[in-house]
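Colleague:
In my numbering, the protein residues as written are -16 to 374.
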């Protein structure tokens, strides 16, 4: 959704009504996660995707219709057993897509949302995607939630209050989810379906060692949506010109920089650390610092198996226990047979992705079960960010 909003906002400022389609729930093997979006401008230009191509043509027509009528609609797409040519998903899953008109009239809070995105300030939007035609929880109602304030309304203070509490919980986890309520905010109700889309700062990828491998990891990490920092103590190597895809290049002793970022609260459980230096005077104090922090998403170190065995001896001598060492991915990366810096970057980022989403790292031909979900079939997040089995 975030990238789509960057495209939508100029159309919005120009006074257009944009048809915005958002995936609000998925079941089984769905191609895109909740929050994936597609937008259609007043002239018919399309950006984004809700299914990777399966249902985009039908969603486009729905978006054009909602631009004309001003009425939002919730559509469900699954597999059709009766007609192979009917619109549906080829992957075997089911998605629900909410299509709405977005304009200055329908979404007056969008400038504030965009300002928060620019400032890397967490913000969530709560939108009624199923509900009564009028009154509390009516279709299309919207509430914008920040950690310390709100704007807009879903139609009643009680519903606003309940959704605000739940949305802030989702925002803490960077999770988007669909939840159901009663019109007075009852959590056991089913009449009102609210989709909470969370916008949080991009996850961080800290790359240590200003090498050609680092340049490739930084480029691929940036492409995957990470905010990339390259850090090295050697100013002759750590230059912005050598790392054009990094968001920042820092000249510091790596372990000192990592400790300062942690102390400032700028690291979290989505942060990935890639150590590429191959030099014990940099690697050892850096890895000791990283592995003693509250659990990061990923800590990996490049090097041969012989280098890693020597590294383990040094890390144990520095006081790390086996529990701490068990969180180290080294040699870093999946076994892809990589040879070049670019291929090695793919190997490392593939391991980071597999670690983040619980992937096996095996070839899909050797696995069974859903492809597009990280959990068991028929699971989706509940309002508190945990997986809840669906009957």
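Glycine included, C-beta positions come from ideal geometry on N, C-alpha and C.
If you draw a straight line from the alpha carbon of residue 137 to that of residue 92, how long is it in whole angstroms?
Modeller: The straight-line gap from Cα to Cα measures roughly 13 Å.
Colleague: Based on Cα-Cα distance, which residue from 236, 131, 179, -14 lies nearest to residue 123?
Modeller: Ranking 236, 131, 179, -14 by Cα distance to residue 123 puts 179 first.
Colleague: Helix, strand or coil: which one does DSSP assign to residue 463?
Modeller: Nothing can be reported for residue 463: it is not among the residues displayed for the chain, which extend from -16 to 374.
Colleague: Hey, could you find the ends of the beta strand (DSSP E) residue 233 is sitting in?
Modeller: Taken as a continuous stretch (DSSP letters only), the beta strand (DSSP E) holding residue 233 covers 231 to 234.
Colleague: Please specify which runs of the beta strand (DSSP E), each continuous and at least 3 residues long, are wholly inside the segment 280 to 340, giving them in chain order.
Modeller: Correct list: 281 to 284.
Colleague: Using a Cβ-Cβ cut-off of 7 Å (strictly less than) and excluding sequence neighbours within five positions of residue 331, which residues of its own chain qualify?
Modeller: Cβ within range, chain order: 200, 257, 283, 315, 316.
Colleague: Quick check on the DSSP output: the beta strand (DSSP E) that includes residue 210 runs from which residue to which?
Modeller: Segment 210 to 215, the beta strand (DSSP E) holding residue 210.
Colleague: Once you ignore the five residues that flank residue 234 on each side, which residues in its own chain have a CB closer than 6 Å to its CB?
Modeller: If we look at residue 234 and ignore the five residues flanking it on each side, its Cβ neighbours are 218, 221.
Colleague: Who are the Cβ neighbours of residue -8 in its own chain at under 6 Å, not counting the five residues just before and after it?
Modeller: Result list for residue -8: 97, in chain order.
Colleague: Identify whether residue 269 lies in helix, strand or coil by the three-state DSSP scheme.
Modeller: Helix.
Colleague: State the beta-bridge partners of residue 178 as determined by DSSP.
Modeller: Answer by DSSP bridge pairing, in chain order: 110, 161.
Colleague: When you compare each of 294, -13, 109 to residue 147 by their alpha carbons, which one comes out closest?
Modeller: Residue 147 has its Cα closest to that of 109, out of 294, -13, 109.
Colleague: Quick one: using the 10 Å Cβ neighbour count with 16 as the cut-off for buried, is residue 117 buried or exposed?
Modeller: So residue 117 ends up on the exposed side.
Colleague: Identify every residue that forms a DSSP beta bridge with residue 83.
Modeller: Its beta-bridge partners are 3.
Colleague: Can you tell me whether residue 148 is helix, strand or coil according to DSSP?
Modeller: Helix.
Colleague: Which residues does DSSP list as the beta-bridge partners of residue 60?
Modeller: In the DSSP output, where bridge partners are listed per residue, residue 60 has 78.
Colleague: Out of curiosity, what's the CA-to-CA distance linking residue 34 and residue 7?
Modeller: Each residue's Cα considered, the two are about 12 Å apart.
Colleague: For residue 21, which residues does DSSP report across the bridge?
Modeller: Answer by DSSP bridge pairing, in chain order: 4, 31.
Colleague: So what's residue 275 in DSSP terms, helix, strand or just coil?
Modeller: Residue 275: helix per DSSP, three-state reduction.
Colleague: Contact check, residue 187 vs residue 209 under 8 Å by CB: the rounded distance?
Modeller: Contact flag correct, Cβ pair sits at about 7 Å.
Colleague: Nearest to residue 376 by CA position, among 130, 126, 323, is which residue?
Modeller: There is simply no residue 376 to check, as the chain begins at -16 and stops at 374 in what is shown.
Colleague: Using the three-state DSSP reduction, which class does residue 15 fall into: helix, strand or coil?
Modeller: In the structure shown, residue 15 sits in coil (DSSP, three-state: anything other than H, G, I, E or B).
Colleague: Keeping to the same chain, check which residues put their C-beta closer than 6 Å to that of residue 237; ignore five residues upstream and five downstream.
Modeller: 191, 214, 265, 269.
Colleague: Secondary structure at residue 47, three-state DSSP: helix, strand or coil?
Modeller: Helix.
Colleague: Mind checking whether the beta-carbon of residue -14 lies closer than 7 Å to any heavy atom of the ligand MG?
Modeller: In the structure shown, the ligand MG is absent, as is every other ligand, since no ligand is present at all.
Colleague: How about residue 80 and residue 42: are their beta carbons less than 8 Å apart?
Modeller: For residue 80 and residue 42, yes; Cβs fall inside 8 Å.
Colleague: Since residue 125 sits in a beta bridge, which residues does DSSP pair it with?
Modeller: Note: residue 125 sits in a beta bridge opposite 110, 136.
Colleague: Where does residue 253 fall in DSSP's three states?
Modeller: Looking at residue 253 - three-state DSSP - the assignment turns out to be coil, as it is neither helix nor strand.
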